[in-house]
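Residue numbers (my numbering): 128 to 903.
Ideal placement from N, C-alpha and C gives every residue a C-beta, glycine not left out.
Computed from a predicted model, the values in this text were never measured in an experiment.
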């Protein structure tokens, strides 16, 4: 194969910078193309900070990286069982990470070892030693498959590509042979098993780096083409869904785990492959671009990624939700560099807004402290650019029915809802993680008022009572750690999970079956401007223990008042009688229409601090719950959550029984009417009537009468099994203003009758039509 000339390199470099396609023909031009790929891969590490190496904070961090690399180089002591003393093989994480860190110090400017041949040779020797003693062709892969096929080869190949000119032919050949043994091309032939979603993106990255190291066009083509199944919408299993869901491990919503890995990997691959013969087609890139707004942005609030999309990793470290938010933001800024201008401008404004509002763990300062120089440089540029506005938090509702999740944003607060269904597990545990997340799918209602961005961040999962997660209805039956099958295979039988949303408000419901329990309940949430109206009915159990609905469980020691009386006792249940309202100072209020048997507990809870915390931690909690007794037969509840409300507003809402009217609260239907909003919402668990609405089949219905004299009717099929649905609104309607493709008949007059066909294929998504009611 003919080598490239300096002139051809310059030509290729200019073409690549302009985004032009690099020409490829038989012979030496393959080498030219791979030179571009090597340079592009290196640029992922170096470009963000190039030209700024002499400026703070980069100067200090780069010098520190150089000193660390020098220590690693000087303490390297190759032996039969380790490369560094105290790090015995297999050392799947630590040893490859050190080698990659040394390689980064070699290519980054300002480290004091930039371009140092001795450092590069040390990296090459270390790679070869690890390859011969651990990651050897013919070795048996023991333990977690991920280490052998993704974690180790990705780190080793990354380091190898960065120091490629200093690898001998024997060293390069040996590493290529080892990778081929554990990740042969056939690994990418089928899109199944653990070669899906984010894992597939990682496997393609490994294959591409292997191709770059050996200038192998066939493997490069395979790496690019094997991404195609990831970059198309799915209707079941792992991947991106049109409603914004992202699923991994078949049953687990995972934007904040595997999803962010997929986003980061794809952003890098798009950058490296642009303008080359292996560039990803535009229509496939579009799926990822749309997922930024449709999948990731909905689960980011003020810079952190909600734990409802974090899978088994929610308790790995304190403030892990903020870390995941930063990782998503970093990937979005990288992706923006190869995206169309409109996307680029919108995303940069969105990330700038996240950074401005994340006061619990400021993005820029934390990126500097953690040494994430690339993200710091990109974010600093966006933050300093006055032409880029800081986008505000968007208002409205996002329902993700295929992942049994909902997110609601209103003025001054945000809420997220985590449910389980026949296709979404109650929780995921695996590798010893999240062993007590049993009830996170039992209707856990997260919420944040202004100034509370750390509510579930600061050692919440290490200290919270796992039987009393906010919003859930649970049997208090004791469960073993890791109850239920691993890796998210904890799906209950209930199909009716989801709801109807017009983008502003929502009627959301869950037919709940408890984990390893006989408990059953019907739960509904109506998301409004300043409140969430929560209903439960048909609560029954035969576990022989009490069943509870947890109104809230806040990580706080703030003062609590019940019906105006301050609760001051610690570590004691208080208030077993009837209460009408409660208020938690600085957080919000709770209203029980007509009064209810509210119970309260203030306590300080201790727990393990997580993998990255030193020792045990303890946090204060205020818990409010409703006790349905042992083995209830048909228990029910109604309460109103008022995020951010003052005590005065909470008291006033409790004194206004006409603000909202419950139309039905049974195991057949749950519905409400809110006159001030012109809103009626009903979750029909069975065909029937509630208030002015009648449905021919189980469904969710949201009706809004608008100030302009029109009304919208929104319907959805959460069970995803309806061929047809007829909804009747007993109100005179003069005209259909706007229909929907699934609306097959609408009869107006003294009442509206609307028939929808084919809702099952709509995968739980909402259908909205606009009407003109007769004037009052």
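Pairwise C-alpha distance: residue 227 and residue 737 = Below a pLDDT of 50, predicted positions are generally treated as unreliable, and residue 737, at 47, falls in that range; no measurement from the model is reported.
When 882, 751 and 745 are compared against residue 729, the one with the closest alpha-carbon | Out of 882, 751 and 745, 751 has the C-alpha closest to the C-alpha of residue 729.
Reducing DSSP to helix, strand and coil, say where residue 691 ends up.
-> Here residue 691 sits in coil by DSSP.
Find the nearest neighbour of residue 855 within the set 847, 557 and 828, judged by alpha-carbon distance.
-> Of 847, 557 and 828, the residue nearest in Cα terms is 828.
Following the continuous beta strand (DSSP E) through residue 650, name the residue where it begins and the one where it ends.
-> Counting along the chain, the beta strand (DSSP E) containing residue 650 begins and ends at 647-654.
Let me know the beta strand (DSSP E) ranges lying completely inside the stretch 145-224, each 3 residues or longer, listed in chain order.
-> The qualifying runs do not exist here; there are none.
Helix, strand or coil at residue 894 [DSSP, three-state] | Here residue 894 sits in strand by DSSP.
Counting pairs of Cβ atoms below 8 Å between the stretch 713-731 and the stretch 759-775, do you hit three or more?
-> The stretch 713-731, when compared against the stretch 759-775, does touch it at the 8 Å Cβ threshold.
Taking 9 Å as the cut-off, decide whether the C-beta atoms of residue 792 and residue 763 are in contact.
-> The Cβ atoms of residue 792 and residue 763 lie closer than 9 Å to each other.
Taking only runs of the alpha helix (DSSP H) that begin and end inside the stretch 243-322, which ones reach a length of at least 4 residues, in chain order?
-> Unbroken alpha helix (DSSP H) stretches of 4 residues or longer found wholly inside the stretch 243-322: 244-260, 279-289 and 296-309, given in chain order.
Skipping 5 residues on each side, what residues in its chain have a beta carbon closer than 6 Å to that of residue 199?
-> Here the set comprises 225 and 229.
Which residues in the same chain have their Cβ closer than 6 Å to the Cβ of residue 452, if we skip the five residues on either side of it in sequence?
-> Once the five neighbours on either side are set aside, the close Cβ partners of residue 452 are 427, 430, 431 and 432.
Would you please state the rounded distance, in angstroms, between the beta carbons of residue 561 and residue 442? I believe it to be under 8 Å.
-> Contact between residue 561 and residue 442 holds, with the beta-carbon distance rounding to 6 Å and staying under 8 Å.
Alpha helix (DSSP H) containing residue 410: first to last residue?
-> Where residue 410 is concerned, the enclosing alpha helix (DSSP H) stretches over 409-418.
Cβ shell of residue 137 (< 6 Å), same chain only, five flanking positions each side left out = Here the model assigns residue 137 a pLDDT of 29, short of 50, so the residue's position is not dependable, and the following value carries that caveat. Closer than 6 Å at the Cβ level, and outside the excluded window around residue 137, lies no residue.
Cα-Cα separation between residue 808 and residue 634, rounded to whole angstroms = When the Cα atoms are used, residue 808 and residue 634 turn out to be separated by approximately 6 Å.
Member of 307, 586 and 602 whose CA lies at the smallest distance from the CA of residue 672 | Of the listed residues, the one whose Cα sits closest to residue 672 is 602.
Straight-line gap, residue 799 to residue 890 (C-alpha atoms, nearest Å) = One C-alpha to the other measures close to 25 Å.
When the distance is taken between beta carbons, is residue 241 closer than 9 Å to residue 190?
-> Between residue 190 and residue 241, the gap from beta carbon to beta carbon reaches 9 Å or more.
Tell me whether residue 548 sits in a helix, a strand or coil according to DSSP, three-state version.
-> Correct three-state label for residue 548: strand.
Roughly how many angstroms separate the alpha carbons of residue 586 and residue 494, rounded to a whole number?
-> Going by the C-alpha atoms only, they are around 21 Å apart.
Can you give me the start and stop residues for the alpha helix (DSSP H) that residue 504 sits inside?
-> That run of the alpha helix (DSSP H) goes 500-511.
Over what stretch of residues does the beta strand (DSSP E) that includes residue 681 continue unbroken?
-> Per DSSP, the unbroken beta strand (DSSP E) holding residue 681 starts and ends at 673-681.
To the nearest angstrom, how far is it from the Cα of residue 861 to the Cα of residue 843?
-> Cα to Cα, the separation comes out at about 24 Å.
On a CA-only basis, which of 709, 674 and 668 is nearest residue 686? Give me that one, please.
-> Of the listed residues, the one whose Cα sits closest to residue 686 is 709.
Name the two residues that bound the continuous beta strand (DSSP E) containing residue 670.
-> Note, residue 670: premise wrong, no beta strand (DSSP E); not H, not E.
Three-state secondary structure (DSSP) of residue 238 = Residue state, collapsed to three classes: coil.
Going along the chain, which residues of its own chain have a beta-carbon closer than 7 Å to the beta-carbon of residue 139, five neighbours each way excluded?
-> With a pLDDT of 29 at residue 139, under the threshold of 50, the modelled position of this residue cannot be trusted; read the value that follows with caution. The answer, listed in chain order, is 149, 159, 162 and 163.
Is the distance from the Cβ of residue 878 to the Cβ of residue 846 below 9 Å?
-> Not closer than 9 Å, so no.
Measure the alpha-carbon distance for residue 478 versus residue 567 and round it to whole angstroms.
-> Taking the straight line from one Cα to the other gives about 28 Å.
Local Cβ density within 10 Å of residue 529, reported as buried at 16 or more and exposed below that = With 16 or more other CB atoms across the displayed protein chains lying within 10 angstroms of its CB, residue 529 is buried.
Excluding the 5 residues preceding and the 5 following residue 364 in the sequence, name in chain order all residues of the same chain whose CB lies nearer than 8 Å to its CB.
-> Within the same chain, residue 364 has close Cβ partners 323, 374 and 377.
For residue 769, which of 781, 848 and 331 has the nearest alpha-carbon?
-> Comparing Cα-Cα distances from residue 769 to each of 781, 848 and 331, the minimum goes to 781.
DSSP state of residue 786, grouped into three classes?
-> Under the three-state reduction of DSSP output, residue 786 falls in the coil class, being neither helix nor strand.
Assign residue 803 to buried or exposed, taking buried as 16 or more other Cβ atoms, counted over all protein chains shown, within 10 Å of its Cβ.
-> The residue is exposed, with fewer than 16 neighbouring Cβ atoms inside 10 Å.
The beta strand (DSSP E) with residue 362 in it runs from where to where?
-> Neither: residue 362 is in no beta strand (DSSP E) and is coded neither H nor E.
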